[in-house]
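Per the numbering used here, residue 18 is the first one in the sequence shown, and the count goes up by one each step. In what follows, a single structure is set out as structure tokens and then discussed.
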Amino acid sequence: MTVRYFPFEDTTNHLARYVLLERAWFAHGIGVPSTIVVRAQPGPYFALDAIGALIVHLVGPAIGARVIAGLAVAAIPLGFALLLNAIGGEARRWAIVGVLFGFGFFTHAGFLSYVVGVGVAFAFLAAWWPHRRTPSPTRIVGLIVGIALCYLMHLASALMVLVVIWVDVSVARDRRIWLVLLLTATVGAMYLWTTIGAPPLPPAPPAKLTLGTFWWKAKNILAPFYVYSAAQALPMIATYVVAIVLYVRANPVRHWRTTLGVSAAAFFVLYVIFPQIGTGGGYVDMRWLIPAYLLVFCAAAPSRGPSRHGIQWLLAGSIVSSVVLTPTIWRIDRYLSDYSELLNQVPHGKSLFPVIGDGERFGRRVIPYRHFAFWYTIRSAGNVPSLFAYSGDGMESNWFMPYFDDTAHRYAPPVGWFGGGGTLRPLNWQRIVAENDYVIVVGRDTAMRAEVARHARCTSEVGEIELCNLK
């Protein structure tokens with residue numbers, strides 16, 4: 018809460034959607050670009066987007082961003098603590114381990130719906146666990162509503178729940194498979210509701226499914242701990258290893274063949290076999306790792322907790338893991354303050370094309386500049402491309418946000434011009450000039466700056482951010 022723009026990267030994209038929904042629902046559409054249509058068709062991001070719109074309506078986008086940041090940091094630790102409490106006994110004393118993942122890579126990269134969705138999935142499992150063998154009609158209705166909410170938060174949230182309850186049918190040999198089929202059908206029905214009747218997408222090549230090599234999988238199994246650098250990741254990894262050692266000493270592995278213990282192993286297997294990139298997003302395989310790492314601490318039944326000194330060691334490790342991230346967070350926030358200052362110089366309601374040449378200075382995982390131009394949409398009702406997509410040549414909208422229809426299909430920065438490295442392909446300047454009023458160049462990449470200077474007149478500069486006029 019000591020910085021203005023944390024979490025980074027995708028957060029501003031999310032916040033811009035919250036603001037557009039708030040304007041559509043509470044301000045009669047004033048401030049929503051005429052090319053964007055808000056539709057009554059929810060998808061897997063809808064729940065947090067709706068909550069975000071309400072928060073923005075109540076406290077505004079600046080304070081709302083901090084409220085959402087607090088929610089994102091707290092979601093996984095709180096959801097995990099609820100599950101451990103539902104398990105009972107000394108299991109709840111392992112809740113401190115969840116703090117590591119609340120402040121890990123996915124939070125810093127601004128994957129807000131995913132992070133909160135994982136917390137909601139843990140909360141669902143906490144509600145399901147004590148009564149899973151005695152499903153009354155009221156509880157069945159509650160479970161259906163709950164898994165629908167998981168789906169509306171993030172698809173990974175619903176899939177995480179389904180993995181656990183299917184494992185439970187197998188491990189516990191529970192004959193209530195009809196309930197598992199009912200919950201699975203609920204997710205299937207929600208998916209059909211999302212996709213059938215969704216706004217048509219412009220023509221695009223099929224998405225590539227990249228499975229990753231053995232070395233890639235072995236290296237990235239530590240992805241949730243690695244935010245900016247290996248040095249930063251070490252305290253977090255060390256704290257988790259200490260937690261595992263304490264858990265194994267208190268709970269021998271021979272007692273781990275339980276629903277949640279087998280589920281943890283299943284999530285690691287899913288990480289290995291899933292592609293790293295798929296339709297609508299990246300890091301697809303890594304999203305199985307957080308439940309894999311945390312459900313290990315739910316494996317033994319009954320569970321013995323850590324000693325008082327063990328809890329103190331884990332608490333100290335969690336604090337150190339967070340503290341080592343702070344200098345980088347403050348540094349990023351200063352760069353983003355420069356970006357914000359220059360965005361404030363762009364006239365209200367114009368169109369802005371961002372070019373990101375940051376040189377991967379904060380590593381390849383978190384690209385703070387990538388979506389920050391959407392503060393211009395938030396503050397000044399401006400148009401910035403790729404709000405409902407990632408990047409690319411005329412990008413398609415993402416299928417999982419059917420409640421937005423961007424009819425303009427504006428040209429977006431291709432990969433390489435959007436931060437995070439990559440080969441610089443030629444830009445379509447004919448479309449850029451036709452669809453935009455300004456280009457904003459972020460970072461010191463000389464090739465990018467020279468390319469923009471050939472087509473636009475650069476008029477203002479703050480730090481390493483430059484604003485150029487196309488008209």
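A virtual CB, placed ideally from N, CA and C, is assigned to each residue, including glycine.
{"Check": "Apart from the five residues just before and just after His74, which ones in its own chain have a Cβ nearer than 7 Å to its Cβ?", "Outcome": "Glu39, Phe43"}
{"Check": "Using a Cβ-Cβ cut-off of 7 Å (strictly less than) and excluding sequence neighbours within five positions of Asn453, which residues of its own chain qualify?", "Outcome": "Ser368, Leu369, Phe370, Leu487"}
{"Check": "Roughly how many angstroms separate the alpha carbons of Phe63 and Tyr264, rounded to a whole number?", "Outcome": "37 Å"}
{"Check": "Per DSSP, which one or two residues make a beta bridge with Ser368?", "Outcome": "Asn400"}
{"Check": "Under 6 Å Cβ to Cβ from Ala532, same chain only, skipping five residues before and after it: list those, please.", "Outcome": "Because residue 532 is not part of the residues shown, which for the chain are 18 to 488, the question remains open."}
{"Check": "For Thr551, count neighbouring Cβ atoms within 10 angstroms of its own Cβ and tell me buried if that reaches 16, exposed if not.", "Outcome": "This structure leaves residue 551 out entirely; the chain is present only between 18 and 488."}
{"Check": "To which residues does DSSP link Val459 through a beta bridge?", "Outcome": "Ile373, Ile482"}
{"Check": "Between which two residues does the alpha helix (DSSP H) containing Asp355 stretch?", "Outcome": "343-360"}
{"Check": "Using C-beta distances below 7 Å, list every residue in its chain close to Leu491, excluding the 5 sequence neighbours before and after it, in chain order.", "Outcome": "This structure leaves residue 491 out entirely; the chain is present only between 18 and 488."}
{"Check": "Would you identify the three-state DSSP class for Thr52, choosing helix, strand or coil?", "Outcome": "coil"}
{"Check": "Under three-state DSSP, which class holds Phe291?", "Outcome": "coil"}
{"Check": "Exposed or buried, which one is Gly115 when buried takes at least 16 other CB atoms within 10 Å?", "Outcome": "buried"}
{"Check": "Which two residues bound the contiguous alpha helix (DSSP H) that contains Phe421?", "Outcome": "Segment 421-423 is the beta strand (DSSP E) holding Phe421; no alpha helix (DSSP H) there."}
{"Check": "Below 6 Å CB to CB, which residues in the same chain sit around Val279 once its five sequence neighbours on both sides are set aside?", "Outcome": "Val184, Val188"}
{"Check": "If you run the structure through DSSP and keep just helix, strand and coil, what is Ser153?", "Outcome": "coil"}
{"Check": "Check whether the Cβ atoms of Ala316 and Thr256 lie closer than 9 Å to each other.", "Outcome": "no"}
{"Check": "Any idea if Pro154 is buried or exposed, counting beta-carbon neighbours within 10 angstroms, 16 or more meaning buried?", "Outcome": "exposed"}
{"Check": "Looking at the secondary structure, which residues open and close the alpha helix (DSSP H) in which Arg266 lies?", "Outcome": "247-267"}
{"Check": "Smallest Cα separation from Pro61: which of Val54, Arg149, Gly205?", "Outcome": "Gly205"}
{"Check": "Can you look up Phe120 in the DSSP assignment and give me helix, strand or coil?", "Outcome": "coil"}
{"Check": "Cβ atoms of Phe285 and Ala250: under 9 Å apart, would you say?", "Outcome": "no"}
{"Check": "Here's a check: name, in chain order, each residue in its chain whose Cβ is nearer than 7 Å to the Cβ of Ile349, leaving out the five neighbours to either side.", "Outcome": "Phe25, Phe379, Pro385"}
{"Check": "Can you give me the C-alpha to C-alpha distance between Gly411 and Val76, rounded to a whole angstrom?", "Outcome": "Interpretation of Gly411 is limited by its pLDDT of 42, a score under 50 that renders its predicted location unreliable; the figure taken from the coordinates is listed afterwards. Distance between the alpha carbons of Gly411 and Val76: 35 Å."}
{"Check": "Once DSSP output is grouped into helix, strand and coil, what is the label at Ser280?", "Outcome": "helix"}
{"Check": "Roughly how many angstroms lie between the CA atoms of Tyr22 and Val337, to the nearest whole one?", "Outcome": "22 Å"}
{"Check": "With three or more beta-carbon pairs closer than 8 Å as the criterion, would you say the segment 350-369 touches the segment 103-119?", "Outcome": "no"}
{"Check": "Please classify Phe435: does DSSP put it in a helix, a strand, or coil?", "Outcome": "strand"}
{"Check": "Please determine, among Val135, Ala333, Leu306, Pro319, the residue with the shortest C-alpha to C-alpha distance to Ser174.", "Outcome": "Val135"}
{"Check": "Name the residue from Val20, His31, Thr19 whose alpha carbon lies nearest to the alpha carbon of Ala390.", "Outcome": "His31"}
{"Check": "Measuring CB atoms only, is the segment 354-363 touching the segment 323-333, in the sense that at least three cross pairs come out at less than 8 Å?", "Outcome": "no"}
{"Check": "Going by DSSP, what residue range makes up the alpha helix (DSSP H) through Met177?", "Outcome": "172-188"}
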